[in-house]
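Numbering (my numbering), first residue to last: 47 to 476.
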């Protein structure tokens with residue numbers, strides 16, 4: 047078990063769910079779009095940061111509810127009854143817990159088998175549910191650099207078919223180009239907060255003094271000036287993959303600044319919440335913690351977070367994600383999620399979290415340049431809410447660059463950016 051000093055509150059604590067000493071590479075079939083991701087992510091495998099991420103989490107495959115699933119080894123997520131506390135639980139030796147917020151807790155049970163953990167949970171008063179800490183991944187396809195125009199926004203220089211297939215952003219810009227009072231959380235691989243086409247639109251925590259080592263706003267996170275890195279438990283949400291920065295640019299690359307392209311919202315505040323590592327892989331416990339961060343900042347600290355962008359998914363339902371999503375929805379936050387890239391019908395074969403039935407969830411499929419469903423995109427007459435451009439989308443990339451990606455991951459931020467525009471035009475909208 048790894049120990050370190052927490053940046054959140056300065057206290058010494060045991061490593062949270064997903065933090066062990068080695069990494070075993072997953073087979074690709076159990077995570078959304080992992081196989082196509084291999085091409086994009088392969089260049090990172092030999093870097094020092096990649097080695098650090100690999101050393102930080104051991105992945106495993108277990109049988110859960112009749113299916114083989116990829117999980118963080120020895121890691122579980124507990125839901126506690128309303129009156130229960132983690133301190134009231136009787137834990138076996140070496141087992142530890144950490145709060146994820148909203149009554150959810152990460153549980154580390156070193157070398158404990160599935161039956162042992164489930165038996166303990168069934169016999170322990172106050173445990174309402176337990177589930178593995180599932181691995182999730184981004185919902186995007188490989189980079190295709192041949193197409194470099196922002197057809198998804200319907201720019202006027204495009205062919206008529208592409209204009210019709212885009213989202214018609216110029217007409218919306220006649221009403222509003224956005225507002226930096228509106229905040230959207232990008233729950234992803236992080237964001238390049240210094241990118242010249244993003245820096246002015248990165249959220250700044252008004253209650254935090256940069257670099258003083260103090261939790262000034264008492265939200266439990268020290269120096270979270272621009273969000274949080276839940277992979278490394280630090281206030282630096284640096285994007286070491288590229289996926290999150292690309293998503294952020296579609297939402298809110300600064301408009302009318304003479305640099306690069308523009309996002310759907312010219313002005314917006316992007317809150318980077320990193321839970322996916324440089325391989326594009328992440329633990330459900332970190333996703334839950336990131337969602338709960340956004341919820342708490344809106345509900346308890348008055349930050350106008352109107353939506354979370356969730357361009358990722360896993361292979362099955364998660365009770366802990368359901369709790370976190372519902373809490374965000376109750377606080378007034380929309381959860382915009384990728385329908386998935388398996389070419390499946392989500393009515394028949396649900397993809398989570400997009401298939402979660404909470405009213406706050408907006409499931410987004412991808413369309414191509416002539417407004418057809420993308421060949422890779424999941425669909426669903428009742429389980430998918432709408433579709434947006436997701437093929438050969440040009441946007442920002444780390445280190446001041448730009449890149450072209452495809453996937454339902456790229457469709458989602460078109461919707462999130464539109465939500466930001468609506469919130470700017472009508473702050474009272476619900």
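Note that CB positions come from ideal geometry on N, CA and C, so glycine has one too. As the structure is a computational prediction, the values presented were derived from the model and not from experiment.
Assigned secondary structure, residue i (DSSP; H/G/I helix, E/B strand, else coil)
i	result
residue 459	helix
residue 449	strand
residue 108	strand
residue 366	helix
residue 349	coil
residue 238	coil
residue 247	helix
residue 75	Confidence is the limiting factor: at residue 75 the pLDDT is only 27, short of 50, which leaves the residue's position unreliable, though a coordinate-based value still follows. Reduced to three states, the DSSP call for residue 75 is helix.
residue 465	helix
residue 332	helix
residue 374	helix
residue 433	strand
residue 233	strand
residue 338	helix
residue 355	strand
residue 280	strand
Residue j beta carbon less than 8 angstroms from that of residue i
i	j	result
residue 214	residue 313	no
residue 230	residue 355	yes
residue 477	residue 181	Here the chain covers residues 47 to 476 and nothing more, so residue 477 does not appear.
residue 357	residue 385	no
residue 448	residue 440	yes
residue 457	residue 412	yes
residue 455	residue 293	yes
residue 143	residue 135	yes
residue 339	residue 249	no
residue 369	residue 316	no
Residue i - containing alpha helix (DSSP H), residue span
i	result
residue 144	Careful: residue 144 lies outside any alpha helix (DSSP H), inside the beta strand (DSSP E) at 142–147.
residue 216	215–219
residue 409	Per DSSP, residue 409 belongs to no alpha helix (DSSP H); it is in the beta strand (DSSP E), 407–413.
Residue span of the beta strand (DSSP E) that contains residue i, given as start and end
i	result
residue 151	150–154
residue 161	No beta strand (DSSP E) contains residue 161, which is instead part of the alpha helix (DSSP H) from 160–169.
residue 317	313–320
residue 296	No beta strand (DSSP E) holds residue 296; the alpha helix (DSSP H) holding it covers 289–298.
residue 136	Premise fails: residue 136 is in no beta strand (DSSP E) and is neither H nor E.
residue 391	No beta strand (DSSP E) holds residue 391; DSSP gives it neither H nor E.
residue 440	439–443
residue 119	113–126
residue 177	173–184
residue 382	380–384
Beta-carbon separation (whole angstroms), residue i vs residue j, contact threshold 8 angstroms
i	j	result
residue 331	residue 146	6 angstroms
residue 407	residue 371	6 angstroms
Closer than 7 angstroms: residue i CB and nearest the ligand GDP heavy atom
i	result
residue 288	The ligand GDP is not among the ligands present in this structure, which contains no ligands whatsoever.
Next item on the list: State whether the region 421–435 contacts the region 451–470, with contact taken as three or more CB pairs (one from each stretch) at a distance under 8 angstroms.
Entry: Taking 8 angstroms as the limit for Cβ pairs, the verdict is that the region 451–470 does touch the region 421–435.
Next item on the list: Please confirm if the region 146–154 is in contact with the region 269–282, defined as three or more CB-CB distances below 8 angstroms between the two stretches.
Entry: No, the region 146–154 does not touch the region 269–282.
Note to self: Three Cβ pairs or more, each shorter than 8 angstroms: is that satisfied between the region 254–269 and the region 323–337?
What the structure shows: Result no; under three Cβ-Cβ pairs closer than 8 angstroms.
Notebook entry, point to check: So does the region 416–429 actually touch the region 390–403, counting three or more Cβ pairs closer than 8 angstroms?
Noted result: The region 416–429, when compared against the region 390–403, does touch it at the 8 angstroms Cβ threshold.
Notebook entry, point to check: For the region 372–392 against the region 341–351, are there 3 or more C-beta pairs whose distance is under 8 angstroms?
Noted result: Touching, per the Cβ criterion.
Checklist line | Stretch pair the region 302–321 + the region 110–125: three plus CB contacts closer than 8 angstroms | finding: Because the criterion of three Cβ pairs below 8 angstroms is not met, the region 302–321 and the region 110–125 do not touch.
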